[in-house]
Every structure is written in structure tokens, then in C-alpha cells.
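Chemist: Residue numbers for the sequence shown follow my numbering, beginning at 70 and rising by one.
Note that beta-carbon positions come from the ideal geometry of N, C-alpha and C, so glycine has one too.
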Amino acid sequence: MPDVTDFSVTSMTAPLRRVAVRSLPAKADFLEAAWHRVPDHAKATDQHAAFVSALESTGAQVDVLPACEGMADSCFAYDPVFVVGRGMIELQQLKPARVEEPARLSADLAALGVPVAGRLTGDARADGGDLFWLDDHTLAAGRGYRTNAAAHAQLREILAEEGAELESFDLPHDQGPGMVLHLMSLVSPVDEKLAVVFEPMSPVPLLEALTERGIEWIAVSPAEYAALGTNILATAPGQVVMFEGAPETAVALREKGVDVTVVDCSEIAIGDGGPTCVTRPLLRSEEG
70 MPDVTDFSVT SMTAPLRRVA VRSLPAKADF LEAAWHRVPD HAKATDQHAA FVSALESTGA
130 QVDVLPACEG MADSCFAYDP VFVVGRGMIE LQQLKPARVE EPARLSADLA ALGVPVAGRL
190 TGDARADGGD LFWLDDHTLA AGRGYRTNAA AHAQLREILA EEGAELESFD LPHDQGPGMV
250 LHLMSLVSPV DEKLAVVFEP MSPVPLLEAL TERGIEWIAV SPAEYAALGT NILATAPGQV
310 VMFEGAPETA VALREKGVDV TVVDCSEIAI GDGGPTCVTR PLLRSEEG
């Protein structure tokens, strides 16, 4: 593995040292992009700033990138690019409203000093929301309407260059290709031995993979799944940020000893994105 510099991510729960976020655009066709309604931009901007403050309070360096006007989903910075141990992988997105995002985010992160470890090419398509680290050498990858088999094949080759592997998990049809369903819609790691999971739609092999690693989970209810209760961001082992709307999950986490910060981001959540979605971690490391 590379020496830790100002970029490197091979964990979902190691202390978040550096993270990029992107401001919400003032103008975009949000309804065409399948948002539930047009957000109140002034309110969304204030909520985004409060979220950034919550991240900074954990000690993380937050790089706030400028808004991409006309690109409704561009505030969901987790999806266009995925950061691994050696740098970033520039993805290719299937959703028409997002096809320009990977190149834009890749350029912005390159300006921050993050090197390119690989790029998807040809017919490979993937969203970062279908990718998360099961452990520091195994990347879980959802196979669904946003991420295809060609992307899995190319990602395996890129990951092999740093001694990491990809484990594939098929996603259900759910509401079909017009609606977003990512692997991380169903699971979010909290620390090395705890996660939150929406069991009814989780692939059985995924639950088996968690069990094999000794990871227990908090089962999120259908009502709180709909409120993005499975979409939480670990800022350190046992320390998370989540959006308002899933109080039962927050209580269950606290009963497990987890430090929970809840932020009101209702104007962002209407785009079906939670705190993981609006961040692009650049460095996670036990070293300060």
C-alpha cells in the first residue's frame, strides 16, 4: 500500500482526515433529475454549510468545491469518482443528468493534488454509491441499474495494482432503472464491527460477508429506510453524522455507544442523497 499522504482511502470508518464536498447548484432541472421537488436554494445552502461545520468539528479538512450549475445531482460528490489507496478512479455514470460529472470532479480533485489511479472506459458504468470498503483490501461492489458488469471487470484490474480485490453483490430490481438504488442505500459501516443495514433488500451474500468478518448490524425499519436511515457517514470508528428523519436508528446507534451527530439537511435529502452521498472522502487514516 502507498505511504499515507494527503489522499488514500481503504476504509469506510477510519478517521476522516480530508474530504471534498460540492455546493448545491442554484439552477438545474431538479425534477428531470428525479428530485422529489425543487429545493429551496437558500435553505439548502445554509443546511450544507451546517453539514460542513459538523464535518470540520470532527477535525476533518473540508475542501468545498464550487457548484456545477445545471447539474442537479452534482452535490452528491461520492458518486462520480472513487478514491482508493493510490488515488482516484474516474467513473462513468449511466444517469443522463450525471454523465458530465466524473470529468468535472476528477479535474477539481486533481487540482487538489489527488492523482488518477484509473479511469473506466468503453461501456463500463458505475456510481460510487455502489462501492464501499468491506475491509482494507476488499471493495464491495453492487451490480444493479447504475453499475454494470463491465465496470466490475475494470475495477478489479485497477484494484489489483494495489493488492485489493472486488467482491460483487447483485441488487434487486426495486423500483426499476428510473429510481436510484445503490448498494450503500442498504448498508453503511459504523466501525470495524458494526453497520446499519436495511435487511429486506440486502443481498444475502452481503449479509454473509458481514457475518464472516464479525460485523454485527442494526436493522433499520422500512419507515426509516425511506428517510435515509441507512445512509450515515462514519467520521471515525464509532462516530457518525446522519441527517434528521431516522430517530429510532439514532437511538439504536447511541445504545451501542456510537457518537451520533444529527444535521437537518431536508433540502438535500429530497434528492435521495444522505451524508455519505454528499461527501467524497480523500483521506482516511489512523495517523493524525
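Going by DSSP, what residues sit across from Asp132 in a beta bridge?
Modeler: By one-based count along the sequence shown, residue 132 stands at place 63. According to DSSP, which records beta bridges pairwise, Asp132 is partnered with Ala89.
Chemist: By how many angstroms is the C-alpha of Asp341 removed from the C-alpha of Leu250?
Modeler: Translated into positions along the sequence shown, residue 250 becomes position 181. Translated into positions along the sequence shown, residue 341 becomes position 272. If you take the alpha carbons of Leu250 and Asp341, they lie about 9 Å apart.
Chemist: What residues in its chain sit with their C-beta under 7 Å from that of Gly40, if we drop five residues either side in the sequence?
Modeler: Residue 40 is absent from the model: the chain starts at 70 and stops at 357.
Chemist: Report the rounded CA-to-CA distance for Pro84 versus Pro316, giving the unit in angstroms.
Modeler: Here residue 84 corresponds to residue number 15 of the sequence shown, with the count starting at 1. Here residue 316 corresponds to residue number 247 of the sequence shown, with the count starting at 1. If you take the alpha carbons of Pro84 and Pro316, they lie about 24 Å apart.
Chemist: Applying the criterion that 16 or more other CB atoms from any shown protein chain within 10 Å of the CB defines a buried residue, is Thr280 buried or exposed?
Modeler: Your numbering for residue 280 matches position 211 in the sequence shown. The residue is exposed, with fewer than 16 neighbouring Cβ atoms inside 10 Å.
Chemist: Roughly how many angstroms separate the alpha carbons of Pro12 and Tyr214, rounded to a whole number?
Modeler: Not covered by the structure: residue 12. The range shown for the chain is 70 to 357.
Chemist: Say whether chain D places a C-beta atom closer than 9 Å to the C-beta of Asp196.
Modeler: You won't find chain D in this structure, because it holds only one protein chain.
Chemist: Whole angstroms are fine: how far does the CA of Asp192 sit from the CA of Val320?
Modeler: Within the sequence shown, residue 320 is the residue found at index 251, counting from 1. Within the sequence shown, residue 192 is the residue found at index 123, counting from 1. Distance between the alpha carbons of Val320 and Asp192 is about 43 Å.
Chemist: Express the C-alpha separation of Gly298 and Ala57 in angstroms, rounding to a whole number.
Modeler: In the structure as shown, the chain starts at 70 and stops at 357, and residue 57 therefore has no counterpart that could be examined.
Chemist: Tell me where the alpha helix (DSSP H) around Asp199 begins and ends.
Modeler: Counting from 1 along the sequence shown, the entry for residue 199 is found at position 130. Segment: none, Asp199 is in no alpha helix (DSSP H) and carries neither H nor E.
Chemist: Ordered along the chain, which non-local residues of its own chain (more than five positions away) have a Cβ less than 7 Å from that of Val131?
Modeler: Position 62 of the sequence shown, counting from 1, holds the residue named residue 131. Result list for Val131: Val88, Val90, Val121, Leu124, Glu125, in chain order.
Chemist: If I follow the unbroken beta strand (DSSP E) through Ile337, where does it start and stop?
Modeler: Stepping through the sequence shown from its first residue, residue 337 is reached at position 268. No beta strand (DSSP E) holds Ile337; the alpha helix (DSSP H) holding it covers 335-338.
Chemist: Between the alpha carbons of Met70 and Asp109, how many angstroms are there, rounded?
Modeler: As a first step, residue 70 is located in the sequence shown; it is residue number 1 there, counting from the start. As a first step, residue 109 is located in the sequence shown; it is residue number 40 there, counting from the start. The predicted model places Met70 with a pLDDT of 32, which falls under 50 and marks its position as unreliable, so this point remains unresolved.
Chemist: Considering Leu250, what are the terminal residues of the alpha helix (DSSP H) in which it resides?
Modeler: Residue mapping note: residue 250 aligns to position 181 of the sequence shown, counting from 1. It is not in any alpha helix (DSSP H) - Leu250 carries neither H nor E in the DSSP assignment.
Chemist: With Ser237 as the anchor, note down where its beta strand (DSSP E) starts and where it stops.
Modeler: Here residue 237 refers to the residue found at position 168 of the sequence shown. Note, Ser237: beta strand (DSSP E), 234-239.
Chemist: For Phe99 and Val256, I'd like the C-alpha separation in whole angstroms.
Modeler: The count along the sequence shown starts at 1 and reaches residue 99 at position 30. The count along the sequence shown starts at 1 and reaches residue 256 at position 187. Phe99 and Val256: Cα-Cα distance of roughly 26 Å.
Chemist: Just to confirm the assignment, what range does the beta strand (DSSP E) spanning Asp205 have?
Modeler: Taking the sequence shown and counting its residues from 1, one reaches residue 205 at position 136. Neither: Asp205 is in no beta strand (DSSP E) and is coded neither H nor E.
Chemist: Compare the C-alpha of Ala95 against each of Glu355, Pro135, Gly154, Ala129 and name the closest.
Modeler: Here residue 95 refers to the residue found at position 26 of the sequence shown. Residue Pro135 is the option with its Cα nearest to Ala95.
Chemist: In the DSSP assignment, what residue or residues form a beta bridge with Pro291?
Modeler: For the purposes of this step, residue 291 is taken as the residue at position 222 of the sequence shown. Beta-bridge pairing links Pro291 to no other residue.
Chemist: Considering Cα atoms alone, identify which of Leu224, Ala129, Met270, Leu228 is closest to Gln244.
Modeler: By 1-based counting over the sequence shown, the position of residue 244 is 175. The residue with the shortest Cα to Cα distance from Gln244 is Met270.
Chemist: Cα separation between Leu263 and Thr127?
Modeler: Working through the sequence shown from its first residue, we reach residue 263 at position 194. Working through the sequence shown from its first residue, we reach residue 127 at position 58. Distance between the alpha carbons of Leu263 and Thr127 is about 20 Å.
Chemist: At the level of alpha carbons, what is the spacing between His206 and Leu235?
Modeler: In the sequence shown, counting from the first residue as 1, residue 206 sits at position 137. In the sequence shown, counting from the first residue as 1, residue 235 sits at position 166. Their Cα atoms are separated by approximately 9 Å.
Chemist: Can you say whether Met248 is buried or exposed, counting buried as having 16 or more other CB atoms within 10 angstroms of its CB?
Modeler: On the sequence shown, position 179 is the one that residue 248 refers to. It counts as exposed.
Chemist: Start and end of the alpha helix (DSSP H) containing Asp75?
Modeler: Here the question's residue 75 lines up with position 6 in the sequence shown. It is not in any alpha helix (DSSP H) - Asp75 carries neither H nor E in the DSSP assignment.
Chemist: Distance check for Arg353 and Met81, CA to CA, integer angstroms please.
Modeler: Indexing the sequence shown from 1 puts residue 81 at position 12. Indexing the sequence shown from 1 puts residue 353 at position 284. Taking the straight line joining both Cα atoms gives about 8 Å.
Chemist: Going by DSSP in three states, Ser257 sits in which element: helix, strand or coil?
Modeler: Translated into positions along the sequence shown, residue 257 becomes position 188. In the structure shown, Ser257 sits in a strand (DSSP, three-state: E or B).
Chemist: Would DSSP call Met140 helix, strand or coil?
Modeler: As a first step, residue 140 must be located in the sequence shown, where it is residue number 71. Met140 falls in the coil class under three-state DSSP.
Chemist: Spatial neighbours of Thr348 within its chain, please: C-beta separation below 7 Å, excluding the five flanking residues on both sides.
Modeler: Your numbering for residue 348 matches position 279 in the sequence shown. Counting only Cβ-Cβ distances below 7 Å, and skipping sequence neighbours, we find Val88, Val90, Ala146, Tyr147, Leu302.
Chemist: On the three-state DSSP scale, how would you describe Pro94?
Modeler: Working through the sequence shown from its first residue, we reach residue 94 at position 25. Of the three classes helix, strand and coil, the one that applies to Pro94 here is coil, per DSSP.
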